[in-house]
Amino acid sequence: MGSTTRSTTSSTTSSTSSSSTTSSSSTTSSTTSSTSSSSTTSSTSSSSMTSTTSTTSVTTISCPAGYSLSPSGICVNLQIDFNNCGSFGYVCSNTYKSCAAGACSNAPAVQLSQAIAIPGWDGSRNVDDEVASLTLPMNLTLTLYNYTSGVISISSNGVICLNVCSTAYTNFALPTTNFSGPTAVGLWDDLMIYNNTAQGVYYQISGINPNRTTTFEFYTSKFQSPNSYYHFQIKFYENLPNIVQYIYYDIANRGNSSTVGIQSEWLLFE
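With numbering that gives the first Met the number 0 applied, the sequence shown corresponds to residues 0 to 269, in that order.
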């Protein structure tokens, strides 16, 4: 809606009026004839709209083998976790020492806080005189006698080899031809992992490159003697090459039938 400015001229009597807003027109009349013209000006207003798109990222947590993701987003091992024994949030009472095979137990407890079992060596079956190979993650390597390897051979009878282990269960004094290359003999004996227990061979990598520590934990028993525990750790330090440490927890009969030490393949020729 607008207002119109109009101007009129007459030869006898004349009158003039005017007003203006957004459009204008003029009319001229003389006695009996009139001519009119009009023009309209329109204006257009434009508006711009800005849209914002928000993106939500979802992080997926992947748990190591043997671990389950809890409702709080933490990976736990329900088979050996004292505070999540058999199910999330189930805490064993203080009358027990450990969680074994998902049940509260008085058997020794796994010491590693984030223990990862060597596949198949987690108490889910009997393991006797076996060798497993482990490729260390994150380009990690172990060094002993200046020999470095990222692929580790493990004997269930208490031995870590940087080259090749054997399934030999009859132990001898060192050096021995049963093992090839630098070898950490934590406790070589006729050991066994028993089914439906927390027993197994576990490992854990802690620290930040180049100061990482690789720990292997053997929680085993003697062959045909499931209550004779042989529980110990073998530790390698990234920033201390050629150093290996043994830590012992429960060793039946003080290990009087076992072999403990280290050897290099070069010792075989001395």
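Built from N, CA and C at the ideal position, the CB exists for glycine as well.
- For E216, the secondary structure class from DSSP, reduced to helix, strand or coil, is strand.
- For the pair C98 and A197, the Cα-to-Cα distance works out to about 7 Å.
- No Cβ-Cβ contact shorter than 8 Å links R211 with L111.
- Distances from the alpha-carbon of S148 to those of S220, N82 and E237 put E237 closest.
- Going by beta carbons, G180 and N194 fall outside the 8 Å limit.
- A contact is defined here as three or more CB-CB pairs under 8 Å, and the segment 126 to 137 fails this definition with respect to the segment 71 to 90.
- The Cβ-Cβ distance between V200 and S155 falls below 8 Å.
- In the three-state DSSP reduction, A251 falls in the helix class (H, G or I).
- Looking only at T258, E216, I250 and Y247, the smallest Cα-Cα distance to W120 is reached by E216.
- The beta carbon of Q262 sits closer than 6 Å to those of L173, P174 and T182, all from its chain and outside the five residues before and after it, given in chain order.
- Ranked by how close their Cα comes to the Cα of P70, the residues Y146, Y245, N83 and S92 have N83 in first place.
- Contact check for T219 and M191: beta-carbon distance about 6 Å, within the 8 Å limit, so the pair qualifies.
- Taking the Cβ atoms as the reference, Q244 lies roughly 4 Å from K234, within the contact range of under 8 Å.
- Distance from the Cα of P107 is smallest, within the candidate group K96, I115 and A114, for K96.
- If you compare the alpha carbons of I159, S92, I250 and N208 with that of Y228, the shortest gap goes to I250.
- The shortest CA-to-CA distance from P240 to any of T176, N145, Y202 and Q232 is the one to N145.
- The criterion of a C-beta distance shorter than 8 Å is not satisfied by I242 and Q232.
- In terms of CA proximity to I207, M137 leads the group M137, G85, Y248 and Q113.
- Annotated as distal: I115 and I153, with beta-carbon spacing of 8 Å or more.
- Excluding sequence positions up to five before and after T142, its CB lies within less than 7 Å of the CB of P240 and N241, all in the same chain and listed in chain order.
- Taken atom to atom, the span from the alpha-carbon of C160 to that of D189 is near 17 Å.
- Rounded to the nearest angstrom, the gap between the Cα atoms of C164 and P63 is 25 Å.
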